[in-house]
C-alpha cells in the first residue's frame with residue numbers, strides 16, 4: 026500500500042567464471058544491487074523481486090513508495 030510501480034527490470038549476471046559455478050548467494054546479492062542501482066537512477070525508492078533467479082536473471086518491480094505516517 027502506498028507504493029506505485031515505476032517500471033520492471035530484469036538484471037542479468039554471469040553464473041560461472043572460467044567453468045567455476047558462482048555461489049547462489051553471490052548471484053542473488055549482485056542482482057539485488059543492480060536492481061537497487063536502477064531504482065536510484067530513476068529516483069525510485071524501493072525494489073521488490075517478482076521472480077525467482079533463473080540462469081542468472083531475476084525480475085524486480087521498481088517502486089516509488091510514500092513514507093508511512095505514524
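In my numbering, the protein residues as written are 26 to 95.
Positions of the beta carbon are idealized from the N, C-alpha and C atoms, including for glycine.
In this text the structure is predicted, and so the values were computed from the model without any measurement.
Exercise. Mapping DSSP to helix, strand and coil, what is residue 76?
Worked result: If you number the chain shown from 1, residue 76 lands on position 51. Coil.
Exercise. In this structure, what does DSSP give as the bridge partners for residue 33?
Worked result: Position 8 of the chain shown, counted from the first residue, corresponds to residue 33. Per DSSP, 86.
Exercise. For residue 103 versus residue 38, is the C-beta distance shorter than 8 angstroms?
Worked result: The displayed coordinates of the chain run from 26 to 95. Any statement about residue 103 would go beyond what the structure contains.
For this session: Taking residue 89 as the reference, give the member of 77, 64, 95 with the closest Cα.
Result: Numbered from its first residue, the chain shown carries residue 89 at position 64. That would be 64, whose Cα lies nearest to the Cα of residue 89.
Exercise. Could you give the distance in angstroms between the alpha-carbon of residue 66 and the alpha-carbon of residue 60?
Worked result: Residue mapping note: residue 66 aligns to position 41 of the chain shown, counting from 1. Residue mapping note: residue 60 aligns to position 35 of the chain shown, counting from 1. The alpha-carbon atoms of residue 66 and residue 60 are separated by roughly 10 angstroms.
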